[in-house]
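Novice: Using my numbering, the letters of the sequence shown correspond one by one to residues 1 to 512.
Backbone N, C-alpha and C define an ideal beta-carbon position, used for all residues, glycine too.
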Amino acid sequence: MEHSAFNLDTIKEKLNSWFSQAVGGGSLEGKFKIISLGIKRDSYIKALLSLGAVAVVALGLIGFAFYQNVSLNSRLSDLNNTENYNLQSFKSDSLVASDAPELRTLDQMVDYYDSSLGIKNKVKAELDFKRSVYSDFLRNLLLPSLNIWKNPYTEQVDLSLLGKKYLDNNPYQDVTLLQQWGGIIRDSGQNIGVNEVVNMQIGEIVEEKETGFFHIPISIDFKSDSKRAFLLLVDKLSQTSNVNNIGLFNDFTFHLFEVIRDKKPTELTTLAQQYKISQISGDDQRIFNNKVISQHLYEFIKDKDQTSSPLLDAQVIDQVIRHSASCSSNESQESCYFRFRDKYRSLPSLAYTIGQRNGTNKVLLLKDFYKNIPPLIAIESFVFDKAEDTGMTLAEQGAYAGRVSFKIYGRGISDSDAEQLGQLLTTQCYGSGTKAELTLESALQKVNDQLSRLSTTENSSEGKVSRIANLIELKEDFEEDIKEYPNLSPYAQIIKKFEVLRSLKNLSLCQQ
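1. Please state whether DSSP places ALA401 in a helix, a strand or coil.
2. Give the DSSP bridge partners of HIS215, in chain order.
3. When the Cα atoms are used, what is the spatial distance from PHE137 to PHE257?
4. In whole angstroms, what is the alpha-carbon distance linking SER335 and ASN487?
5. Decide if the segment 249-256 is in contact with the segment 225-238; the criterion is three or more beta carbon pairs, one per stretch, under 8 Å apart.
6. Whole angstroms is fine: what's the gap from GLY183's alpha carbon to LEU471's?
7. Around the Cβ of SER294, are there at least 16 other Cβ atoms within 10 angstroms (buried) or fewer (exposed)?
8. Using the three-state DSSP reduction, which class does ILE260 fall into: helix, strand or coil?
9. Since ILE280 sits in a beta bridge, which residues does DSSP pair it with?
10. Hey, could you find the ends of the beta strand (DSSP E) ILE317 is sitting in?
11. Assuming GLY355 contacts PHE340 under a Cβ cut-off of 8 Å, what Cβ separation, rounded to an integer in Å, is found between them?
12. What are the boundary residues of the alpha helix (DSSP H) that includes ILE301?
13. By a C-beta neighbour count over all protein chains shown, 10 Å radius and 16 as the cutoff for buried, is TYR352 buried or exposed?
14. I need the DSSP call for ALA378, collapsed to helix, strand or coil.
15. Taking 6 Å as the limit between beta carbons, can you name the residues of its chain near VAL316, skipping five residues before and five after?
16. Work out the CA separation of ILE301 and VAL197 for me, nearest whole Å.
17. Per DSSP, which residues does VAL383 bridge with? Please list them.
18. Measure the C-alpha to C-alpha separation of ALA53 and ASN69 and round it to an integer number of angstroms.
19. Should ILE34 be labelled buried (16 or more other beta-carbon atoms within 10 Å of its own) or exposed?
20. For ASP417, does the count of other Cβ atoms within 10 angstroms reach 16, so buried, or fall short, so exposed?
21. Which runs of the alpha helix (DSSP H), 4 residues or longer, sit entirely within the segment 407-442?
22. Output yes or no for whether 8 Å exceeds the beta carbon distance between SER160 and ASN195.
23. Determine the burial state of ASN506: buried for a count of at least 16 other Cβ atoms within 10 Å of its Cβ, exposed for fewer.
24. Might you give, ordered along the chain, the residues of its own chain that have their beta carbon closer than 7 Å to the beta carbon of LYS362, omitting 5 neighbours on each side?
See below:
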């Protein structure tokens, strides 16, 4: 039986009474309408339920995140232990030494890596500095470039090296090589004896595309009038073929740059302004100074008429000798110079020139040393015997005769050099801004166009006939060159383009 106190009407009445007192009178339904702002009751309840559900979910997520954070913090020490990770990629990194200490935590890993990176950067900076003496100076002496048109420092290109001027300035022409190596052989016995070139054979330039270098094979038959002269010849040939001598050469040059940087800061600043060399922010000051020293010494050595240098004097050279021989500050000059000569005795043109204490012009002696250093060579064979045993007629007593075969090395024409020279040669003939390219095919087309124009004119003068003959001859040359061009080396291709430009200019076919 239903109790009257708990039927629906009773409950509704009680709620209306309570709500009326709470909000100042009125029924529950009326007040509900006011709170719901006119929204239907069912919709309003659904909205409240949805909002409540969202609130519950949000509280749940917040609680879960809080729990995860507390859990993570409780396991922080475990997360920092390296034993819980696979560190194979870290251990194989180039900065991680094979004998690295045991790293138990991530903090230790980070500290070790940062320390190793700092050491690597310091070593690299020092290596770049020491390498700059070679890359900015020695390389241009020991491994000269086939690109004789481009100044290695200013990077300016001289396209006027054509014809006789090209022959006079090209160190790789047969005549130049004959003179150079004939002089090297003869001068090696200077003031001691006579070394004579009996015969010399010079091969073709061989460019090694894969390495970027080139070599020229040379064979020399020689005769020395004494054992001493012969030994001096051996010393001369070993200057740039013996790795120990190359090391001594590099060592002396390093000390030379070091003393100049220390003793000539004002002169270096002046030369940097003169050469318009700007220091980039963050650059090592020593590397910047090496660039200035390199350009100046290179130009000083190459200039036959220059007899003095603002960076070189007797005091500088004396200091270089002391540095390179590791002399103490209170060591006598006699003792120090003796040790210098002993250290560099396998480079006699250095040890027994500036290494003497007398008052000779050491600046010019040092210039001659660098000027006469041959490029890097690789001796392939060296045979010799007493001249009389070889059957050589009129051989002096104690004379030696022999044959040495070697390759001289240098830097080949790079792709960028070839492209730059090609563009400049095109501009020389077609003018700036042209989209055309100076090639054998385009040159042949110019010749054919000119022949076509001449064939349509009625003029039959002697000048026209002569010009047609010259054009036909050039046409035949170009047609033959087109067949051979793909087989030429990069250097030979550049030479061919210079010849094409000269031929077109001679017949006034450029700028047309």
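Specialist: Quick answer:
1. Stepping through the sequence shown from its first residue, residue 401 is reached at position 401. DSSP places ALA401 in strand when its eight states are reduced to three.
2. Within the sequence shown, the letter at position 215 stands for residue 215. DSSP output for HIS215 lists VAL206, TYR409 as bridge partner(s).
3. Walking along the sequence shown from the start, residue 137 turns up at place 137. Walking along the sequence shown from the start, residue 257 turns up at place 257. Looking at the two C-alpha atoms, the distance is approximately 10 Å.
4. By 1-based counting over the sequence shown, the position of residue 335 is 335. By 1-based counting over the sequence shown, the position of residue 487 is 487. When rounded, the distance between both Cα atoms is 60 Å.
5. no
6. Within the sequence shown, numbered from 1, the residue matching residue 183 stands at position 183. Within the sequence shown, numbered from 1, the residue matching residue 471 stands at position 471. Between GLY183 and LEU471, the C-alpha separation is close to 43 Å.
7. In the sequence shown, counting from the first residue as 1, residue 294 sits at position 294. Buried is the call here.
8. In the sequence shown, the residue the question calls residue 260 occupies position 260. Residue state, collapsed to three classes: helix.
9. Working through the sequence shown from its first residue, we reach residue 280 at position 280. Per DSSP, none; premise fails for ILE280.
10. Counted from its first residue, the sequence shown places residue 317 at position 317. First-last for ILE317: 314-324, but that is the alpha helix (DSSP H), not the beta strand (DSSP E).
11. Along the sequence shown, one-based indexing puts residue 355 at 355. Along the sequence shown, one-based indexing puts residue 340 at 340. At roughly 5 Å, the Cβ-Cβ gap stays under 8 Å, so GLY355 and PHE340 are in contact.
12. Within the sequence shown, residue 301 is the residue found at index 301, counting from 1. Run containing ILE301: 285-302, per the alpha helix (DSSP H) assignment.
13. Residue numbering aside, residue 352 sits at position 352 when the sequence shown is read from its first letter. Exposed: under 16 other Cβ atoms inside 10 Å.
14. As a first step, residue 378 is located in the sequence shown; it is residue number 378 there, counting from the start. Here ALA378 sits in strand by DSSP.
15. Numbered from 1 along the sequence shown, position 316 holds the residue referred to as residue 316. Same-chain partners within the cutoff: VAL259, LYS263.
16. Counting from one through the sequence shown, the residue named residue 197 turns up at place 197. Counting from one through the sequence shown, the residue named residue 301 turns up at place 301. So the alpha carbons of these two residues sit roughly 26 Å apart.
17. Position 383 of the sequence shown holds residue 383. Answer by DSSP bridge pairing, in chain order: ARG403.
18. Residue mapping note: residue 53 aligns to position 53 of the sequence shown, counting from 1. Residue mapping note: residue 69 aligns to position 69 of the sequence shown, counting from 1. Each residue's Cα considered, the two are about 24 Å apart.
19. By 1-based counting over the sequence shown, the position of residue 34 is 34. Because the pLDDT at ILE34 is just 49, under 50, the model does not fix this residue reliably, and the value given afterwards should be weighed accordingly. Label assigned to ILE34: exposed.
20. Here the question's residue 417 lines up with position 417 in the sequence shown. ASP417 is buried by the Cβ-count criterion.
21. 415-430
22. Looking up residue 160 in the sequence shown gives position 160. Looking up residue 195 in the sequence shown gives position 195. Cβ atoms of SER160 and ASN195: not closer than 8 Å.
23. Numbered from 1 along the sequence shown, position 506 holds the residue referred to as residue 506. The residue is exposed, with fewer than 16 neighbouring Cβ atoms inside 10 Å.
24. Numbered from 1 along the sequence shown, position 362 holds the residue referred to as residue 362. For LYS362, where only same-chain residues beyond five positions count, the Cβ hits under 7 Å are ALA314, ILE317, ILE354.
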